[in-house]
Structure formats: C-alpha cells, structure tokens
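Residues 1 to 130, numbered by UniProt numbering, are exactly what the sequence shown covers, in order.
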Amino acid sequence: MTTAVVAPAKVSDFYCHQAIPGLVEIERVMETDRVLAFHHTKPSHPVHIVVVPKEHIPSLVDLGDGGPELLAEIMDVVAKVADQVREKHGAASVTTNLGLYQESKHLHWHVYHRGETDEQIREMYGHGDN
C-alpha cells in the first residue's frame, strides 16, 4: 500500500508577503512603527481601508507573539481611521474575520463606508443617534 504525500496547507498572507514589504502599490492612510492602514487593493465598498499589524499575527483569537499590547496599538489605529471615515462620510463599519471568513491568515481589520445616504442609513438602522 502506498501512502499519498499531502502537502501542507498553503497559508495566504497577502499583508506580510506583498503589502507590507511594498511588492504591491498601496495608498497609505495612517502608519505607526507597528501598524499600517491603507486603502484596500480590491475594495468591496466605496471607502474600504484595511488596518494590519506589520508583524505576522494570525488572527484576533491567535495573537501569536504580538500579545495584548500590539492588539491595543492596532485598535488605536482602527479607532482613529474609523473616526476619520465617520467624520467624512457620516458612518463607518469596522470588522475582522475568523476561520473560513478570514481569507488572508493575518489579523486585519476592515474600516469601511458602504456608500448609503444618511437617509438610507437611518431607515435601515433607526434614529438612535438623534
């Protein structure tokens, strides 16, 4: 009986392999020594910014060597970028993904505005902020 050799799963990390080292052109929004925010290279929304640590951190539930200190730095940048989007467009969404939803296995946060008008947003989500 022969045993099939199974290659290890290929880990996709666009951020470590391409964006952070500058192998693809990105439009930076904000940058610190350890965190980078830039406009998504294939945006799903009219405003779509990605915030990533510059070192490899697998996900929100696996902080690797980054620990809570790096997560706090990332969240500080996420909050500042989200506030800029909210100020300019009236609303912002912030998400991260896990498991099969996480296409790139590098912790990243999406900060985006979907492009609705203020009226459409109020109709969908109510008037709690009024």
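Each residue gets a CB set at the ideal place from its N, CA and C atoms; glycine is no exception.
Just so it is clear, the structure is predicted and the values come from calculations on it, not from any experiment.
- Message: Using C-beta distances below 7 Å, list every residue in its chain close to H40, excluding the 5 sequence neighbours before and after it, in chain order.
- Response: Against the sequence shown, residue 40 aligns to sequence position 40. Same-chain partners within the cutoff: H48, I49 and V50.
- Task: Look up L36 in the DSSP assignment and give the residues it is bridged to.
- Result: In the sequence shown, the residue the question calls residue 36 occupies position 36. L36 pairs with E31 and V52.
- Task: Go ahead and pull the three-state DSSP assignment for E123.
- Result: The residue given as residue 123 occupies position 123 in the sequence shown. DSSP, read as helix, strand or coil, puts E123 in helix.
- Are L60 and L107 closer than 8 Å when you measure CB to CB? Position 60 of the sequence shown, counting from 1, holds the residue named residue 60. Position 107 of the sequence shown, counting from 1, holds the residue named residue 107. Taking 8 Å as the cut-off, the Cβ atoms of L60 and L107 count as close.
- Query: Below 8 Å between beta carbons: does that hold for W109 and V85?
  - Reply: As a first step, residue 109 must be located in the sequence shown, where it is residue number 109. As a first step, residue 85 must be located in the sequence shown, where it is residue number 85. No. Outside cutoff.
- Residues that DSSP places opposite H113 in a beta bridge: Indexing the sequence shown from 1 puts residue 113 at position 113. The partner list for H113 (beta bridge, DSSP) reads V47.
- Query: C16 to Y101, Cα distance in whole Å?
  - Reply: Locating residue 16 in the sequence shown gives position 16, where the first residue counts as 1. Locating residue 101 in the sequence shown gives position 101, where the first residue counts as 1. Those two C-alpha atoms are separated by around 18 Å.
- Message: Going by C-alpha to C-alpha distance, which of V77, R122, P53 and M75 sits closest to P21?
- Response: Counted from its first residue, the sequence shown places residue 21 at position 21. Nearest in C-alpha terms to P21, of all of V77, R122, P53 and M75, is P53.
- Task: Determine which residues share a DSSP beta bridge with V94 and list them.
- Result: In the sequence shown, the residue the question calls residue 94 occupies position 94. Partner(s): V111.
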